[in-house]
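Have a look at the structure below before the remarks.
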Amino acid sequence: MTEKQILSILDSYGANNFSVCNEVMACVGSAIYPHGALINHSCEPNTIHTTVHTSRGPVQVFRAIRKIKKGDEISHCYGGEELPYVPRVSALHIRYKFTCKCPRCEKGKENKGIDGLISSRKQHKQQQQQQQSEGGEPE
5 MTEKQILSIL
15 DSYGANNFSV
25 CNEVMACVGS
35 AIYPHGALIN
45 HSCEPNTIHT
55 TVHTSRGPVQ
65 VFRAIRKIKK
75 GDEISHCYGG
85 EELPYVPRVS
95 ALHIRYKFTC
105 KCPRCEKGKE
115 NKGIDGLISS
125 RKQHKQQQQQ
135 QQSEGGEPE
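Heads up, the sequence shown stops at 143 in this note's numbering, and the numbers go up one at a time, no gaps.
In structure tokens form, the structure reads like this:
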């Protein structure tokens with residue numbers, strides 16, 4: 005394997021890995037989930053991803069955080085959704101090597117609606133923690 009091939013693999017890993025969190029949402033590692041890596045980014049995502057611990061081991065689960073209509077693209081935020089436009093787009097470009105053209109960025113929606121998004125994510129994490137403490141597994 006050449007140095008260029010190794011660097012290409014490492015670069016791909018950095019852009020396609022997901023945090024793996026334990027039952028109390030502390031990150032304990034990272035992994036590549038091939039199906040999850042196919043889901044595109046949006047600064048106004050319609051899903052969030054979590055790690056659910058099952059009897060078969062950790063499983064990546066995407067859950068809707070708002071209504072998804074037939075034909076809508078499923079998306080999740082690669083990170084930085086709480087940031088204003090310029091640092092958010094810059095961070096995405098540095099880490100993932102693309103310029104975000106999601107509806108929020110295209111419309112210049114900087115911070116509108118962000119409190120609702122953060123609230124939805126926190127609420128989902130609380131629900132997940134409660135489900136796991138009750139011994140539940142993903143649907």
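No residue lacks a Cβ here, since even glycine has one placed at the ideal position from N, Cα and C. None of the values given here were measured: they were computed from a predicted structure.
Checklist entry - If you draw a straight line from the alpha carbon of G18 to that of R67, how long is it in whole angstroms? => result Position 14 of the sequence shown holds residue 18. Position 63 of the sequence shown holds residue 67. The straight-line gap from Cα to Cα measures roughly 23 angstroms.
Item to check | Environment of H80 [buried if 16+ CB atoms lie within 10 Å] | outcome: Along the sequence shown, read from residue 1 onward, the residue named residue 80 stands at position 76. H80 comes out buried.
Item to check | Cβ neighbour criterion (16 or more within 10 Å) applied to N44 | outcome: The sequence position of residue 44 within the sequence shown is 40, counting from 1. Burial call: exposed.
Checklist entry - Who are the Cβ neighbours of G120 in its own chain at under 7 angstroms, not counting the five residues just before and after it? => result Residue 120 sits at position 116 when you count from the first residue of the sequence shown. Confidence at G120 is low in this model, with a pLDDT of 44, below 50, so the placement of that residue is unreliable and no value is reported for it.
Item to check | Alpha-carbon spacing of G72 relative to R108, whole angstroms | outcome: Within the sequence shown, numbered from 1, the residue matching residue 72 stands at position 68. Within the sequence shown, numbered from 1, the residue matching residue 108 stands at position 104. Reading off the sequence shown, one finds Ile at residue 72, where the question assumed Gly. Taking the straight line from one Cα to the other gives about 17 angstroms.
Checklist entry - Exposed or buried, what is R70 when buried is set at 16 or more other beta-carbons lying within 10 Å of its beta-carbon? => result What you label residue 70 is simply residue 66 of the sequence shown in a count that begins at 1. By the neighbour-count rule (16 or more Cβ atoms within 10 Å), R70 is not buried but exposed.
Checklist entry - Just how far apart, CA to CA, sit F102 and H39? => result Numbered from its first residue, the sequence shown carries residue 102 at position 98. Numbered from its first residue, the sequence shown carries residue 39 at position 35. Approximately 20 angstroms, taken between the alpha carbons.
Next on the checklist: Considering only their Cβ atoms, is the gap separating P62 from V24 smaller than 9 angstroms?
Outcome noted: Position 20 of the sequence shown, counted from the start, is the residue given in the question as residue 24. Position 58 of the sequence shown, counted from the start, is the residue given in the question as residue 62. Cβ atoms of V24 and P62: closer than 9 angstroms.
Checklist entry - What residues are listed by DSSP as bridge partners for V56? => result If you number the sequence shown from 1, residue 56 lands on position 52. Under DSSP, the beta-bridge partners assigned to V56 are V63.
Next on the checklist: Do N21 and S34 have their beta-carbon atoms positioned less than 9 angstroms apart in this structure?
Outcome noted: Along the sequence shown, one-based indexing puts residue 34 at 30. Along the sequence shown, one-based indexing puts residue 21 at 17. Yes. Within cutoff.
Checklist entry - So H53 and E27 are in contact, right, with Cβ under 8 angstroms, and what is the actual spacing, rounded? => result Position 49 of the sequence shown, counting from 1, holds the residue named residue 53. Position 23 of the sequence shown, counting from 1, holds the residue named residue 27. The pair is not a contact, with the Cβ atoms about 16 angstroms apart (cut-off 8 angstroms).
Item to check | S46, DSSP secondary structure in three states | outcome: Taking the sequence shown and counting its residues from 1, the one referred to as residue 46 is at position 42. Residue state for S46 is assigned as coil, using DSSP reduced to three classes.
Checklist entry - Which stretch, first to last residue, makes up the alpha helix (DSSP H) that contains N20? => result Your numbering for residue 20 matches position 16 in the sequence shown. Start and end: E7 to N20.
Checklist entry - If we ignore side chains and look at the alpha-carbon of each, how far apart do V32 and K105 end up? => result Along the sequence shown, read from residue 1 onward, the residue named residue 32 stands at position 28. Along the sequence shown, read from residue 1 onward, the residue named residue 105 stands at position 101. Between V32 and K105, the C-alpha separation is close to 31 angstroms.
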